[in-house]
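Heads up, the sequence shown is in my numbering, so the first residue is 1037 and it goes up one at a time.
All C-beta atoms in this analysis are idealised placements derived from N, C-alpha and C, irrespective of residue type, glycine included.
Step one of this worksheet: look at the structure below.
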Amino acid sequence: MKLPKISIIGCGVSGLTVGIVLLKQGYAVEIITEKLPEQTTSAIAAAIWLPYEIKPIELANKLSTISYLKFQELAKQPDSGISIIAAKMLLQHEADAWWKEAIPKEFVRKLLPSELSAASTCGYMVQTPLIETPLYLNYLLKTFHTLGGQILMEKIQDISSLSTEKEILINCTGLGSRALLNDESMYAIQGQIVQLQASDKVPCVLAEYTYGAKGEELAYVVPRKDCVILGGTLVKYAEDLSPIDSVTKGIVERCQELVKEIKGLSVKNVVVGLRPGRQTLRLERIGNLIHNYGHGGGGFTVSWGCALEVLRLVKEVSERD
């Protein structure tokens, strides 16, 4: 049986991961994109494995578990940009730790009272994948090319201009799906982060609760090889990409309360990105068109799980034909 050709729109973490999974199954795959990985929203992410601002919860956990196990495999490859680190997750409500159901029990433990911050009432220490986005996206792109994948630099403004009669089209455009599909359920979740100079003395700590009257301020510290990332903000429906100095000051102050070790580290950069928000992620097939977007703040976290579900949907088309 001749396998259909596949075109993927979007070259962020979702598009590349889907492309790799399909190439390994023998499909001919082309990614159509306006931007290469380092220019996408994926490149701005912190990023660690954590299902965040993504629903429905049950599906998110299922997909996240698949990715968690895959990242454990990738961590054994020195050039992947993946490592397993201890991350302290601080909570005010136990119910907010719904994500722990996606982690094998031997990799998570409840925090002792002495390990909590002043504002937290409970929390967990998690052995979690750290994704160094510049390295990891380069690893995915290299793997995609090595497997025979092709990239076409082109901006798609009308999805109906792409034929799905004899080919399969996979939409991985994230927030771009709002305009491409006129999907009004999509919305931007603006996030500002601060990049400090790198330090191997800084622990990974995340407050799983918000600050401020509007609940738009976050506090998390993620140490990478190239920098220490401080976050952040969670501003729905805001799309300005210009950093705000007062916001930067607030981020640094909140994070210093959590992690004293960042004091004295100089600021390298301040970046603003837009997470692709949606009430529920969209992972479905309509004829020969497959949608994979709306991952909120969990794009990396669900990437491998979503890719396997896309593969299943692609096989539905192949077997039907």
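Can you tell me whether residue i is helix, strand or coil according to DSSP?
i     : result
V1257 : strand
G1309 : strand
K1272 : strand
S1119 : strand
I1067 : strand
K1112 : coil
L1095 : helix
V1303 : strand
K1124 : strand
A1224 : strand
G1335 : helix
Would residue i and residue j qualify as a contact pair, given that the criterion is a beta-carbon distance under 7 Å?
i     : j     : result
K1304 : Q1193 : no
G1330 : R1318 : yes
V1283 : Q1228 : yes
V1338 : L1099 : yes
V1258 : I1084 : yes
C1047 : T1077 : no
V1264 : V1288 : no
V1049 : A1343 : no
Y1256 : G1248 : no
C1208 : N1324 : no
Considering Cα atoms alone, identify which of the options is closest to residue i.
i     : options                    : result
Y1175 : F1107, M1189, S1197        : F1107
E1244 : L1148, K1202, I1206, L1086 : L1086
P1040 : D1115, L1126, I1206, A1343 : I1206
I1322 : T1337, G1313, V1308, V1346 : V1346
W1135 : L1147, Q1315, L1166, E1089 : E1089
V1162 : G1055, A1133, E1168        : A1133
A1079 : V1308, E1320, G1313        : V1308
G1212 : R1311, K1060, G1334, L1325 : R1311
P1114 : Y1172, T1077, E1094, A1096 : Y1172
L1242 : E1151, A1343, I1118        : E1151
K1071 : Q1128, M1189, K1202        : M1189
V1094 : P1170, G1341, E1352, Y1223 : One detail in the question is off: residue 1094 reads as Glu in this sequence, not Val. The shortest Cα separation from E1094 among P1170, G1341, E1352, Y1223 belongs to G1341.
I1121 : E1293, D1236, Q1292, V1230 : D1236
By the 10 Å Cβ neighbour count, where 16 or more other Cβ atoms means buried, how is residue i classified, buried or exposed?
i     : result
S1103 : buried
R1290 : buried
I1280 : exposed
A1131 : exposed
K1124 : buried
S1196 : exposed
P1316 : Going by the sequence as given, residue 1316 is Thr instead of Pro. Result: exposed.
Q1226 : buried
Less than 6 Å separating the Cβ of residue i from some heavy atom of the ligand COA?
i     : result
L1188 : Among the ligands in the structure shown, none appear at all, so the ligand COA cannot be discussed.
Checklist entry - Does the region 1142-1155 touch the region 1175-1185, meaning 3 or more C-beta pairs lie closer than 8 Å? => result no
Checklist entry - Taking one C-beta from the region 1260-1278 and one from the region 1038-1052 each time, how about it: are there three or more such pairs within less than 8 Å? => result no
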